[in-house]
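**Q**
Chains as they are written, first to last, in UniProt numbering: chain A, 1 to 161; chain B, 1 to 88.
(1) Rounded to whole angstroms, what is the Cα-Cα separation between residue 44/B and residue 120/A?
(2) Could you say if the stretch 40-60 of chain A and the stretch 24-34 of chain B meet the contact criterion of at least three C-beta pairs nearer than 8 Å?
(3) Considering only residues of the same chain and omitting the five flanking positions on each side of residue 110/A, which have a CB-CB separation below 6 Å?
(4) Find the residues of chain A that neighbour residue 31/B, judging by a C-beta separation of less than 8 Å, and give them in chain order.
(5) Leaving out the 5 sequence neighbours to the left and right, which residues in its chain are closer than 7 Å to residue 24/A when beta-carbon positions are compared?
(6) Leaving out five residues on either side along the sequence, give the residues of the same chain with a beta carbon under 6 Å from the beta carbon of residue 60/B.
(7) For chain A, check one thing: does any of its Cβ atoms lie closer than 8 Å to the Cβ of residue 40/B?
(8) My guess is that residue 28/A and residue 105/A are in contact by the Cβ rule of under 8 Å, so how many angstroms apart are they, rounded?
(9) Does DSSP put residue 99/A in a helix, a strand or coil?
(10) Contact criterion: CB-CB distance below 8 Å. Does residue 139/A meet it with respect to chain B?
(11) Mind listing, in chain order, the continuous beta strand (DSSP E) runs of no fewer than 3 residues lying wholly within the stretch 2-64 of chain B?
(12) Check residue 60/A in the structure and name its three-state DSSP category.
(13) Please list, in chain order, the chain A residues whose beta carbon lies closer than 7 Å to that of residue 13/B.
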């Protein structure tokens with residue numbers, strides 16, 4: 001009886017999932033921390049976000065049907081962040097603290113994760129031109145001196161140009 | 001936004017990519033444990049809900065078949081014409 005209970009606790013794909021997480025969790029948590037605009041060493045919101053996304057990924061693991069689990073988890077992460085973004089995700093530091101939630105989403109997906117413009121647009125439910133415009137705007141905001149934004153917290157590496 | 005030369009934009013995008021590639025946070029081990037525990041529970045709950053749905057559907061189908069074979073609604077109903085009115 002006890003043996004059966006233990007087996008029920010651990011579904012068939014536990015090993016597969018653990019292997020996947022061992023390789024992907026670091027990168028996903030980095031992306032999540034950029035999204036929530038928290039400092040890397042104090043990122044409770046990013047951790048919650050990633051835990052929720054991975055919970056969902058694991059729950060539907062046997063229905064992946066050949067899809068890349070990393071893509072799936074990233075998609076889940078982005079969708080969850082987008083859904084909660086209306087709750088005024090003001091950045092509290094982090095490199096993208098000066099950007100709004102949607103700008104952060106686009107920058108992290110396009111430049112941080114290298115997701116294609118079309119895929120990003122589909123994921124966020126936006127037209128491609130809009131994704132492009134947001135990306136350009138954000139890049140400009142991040143690479144120009146803080147005075148253009150009038151925001152002293154706009155953490156910027158000294159733009160060498 | 002003013003139009004920008006592509007190579008300049010490329011350079012700025014590279015700059016942002018480097019910016020994003022900063023220090024990575026450490027993954028706390030309990031994060032994965034939590035996700036697996038909750039994910040397994042959610043998966044089991046879904047499997048249970050699916051089973052229940054199938055059960056309800058098959059019972060409904062069975063009930064329909066029994067009802068139809070007893071009632072045979074495809075046969076014309078027995079004639080129930082009103083008797084002619086006489087004696088007016």
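Glycine is no exception: its CB is placed at the ideal position from the N, C-alpha and C atoms.
**A** Judging by the given coordinates:
(1) The residue labelled residue 44/B in the question sits at position 44 within the second chain. The residue labelled residue 120/A in the question sits at position 120 within the first chain. Taken atom to atom, the span from the alpha-carbon of residue 44/B to that of residue 120/A is near 32 Å.
(2) A contact exists between the stretch 40-60 of chain A and the stretch 24-34 of chain B.
(3) Within the first chain, residue 110/A is the residue found at index 110, counting from 1. So the qualifying residues of the chain are 120, 135.
(4) Working through the second chain from its first residue, we reach residue 31/B at position 31. In chain order: 25, 29, 47, 50, 51, 54.
(5) Counting from one through the first chain, the residue named residue 24/A turns up at place 24. Within the same chain, 70, 73 come within 7 Å of residue 24/A by CB-CB distance, once the 5 residues on both sides are set aside.
(6) On the second chain, position 60 is the one that residue 60/B refers to. Excluding positions up to five away in sequence, the list is empty.
(7) Counting from 1 along the second chain, the entry for residue 40/B is found at position 40. The beta carbon of residue 40/B falls within 8 Å of a beta carbon belonging to chain A, placing the residue at that interface.
(8) Residue mapping note: residue 28/A aligns to position 28 of the first chain, counting from 1. Residue mapping note: residue 105/A aligns to position 105 of the first chain, counting from 1. 14 Å between Cβ atoms; not a contact.
(9) Position 99 of the first chain, counted from the first residue, corresponds to residue 99/A. Reduced to three states, the DSSP call for residue 99/A is coil.
(10) The sequence position of residue 139/A within the first chain is 139, counting from 1. The beta-carbon of residue 139/A is placed less than 8 Å from the nearest beta-carbon of chain B.
(11) Counting only runs of 3 or more, we get nothing.
(12) Within the first chain, the letter at position 60 stands for residue 60/A. Three-state result, residue 60/A: coil.
(13) Sequence index remark: in the second chain, residue 13/B carries index 13 (1-based). In chain order: 111, 139.
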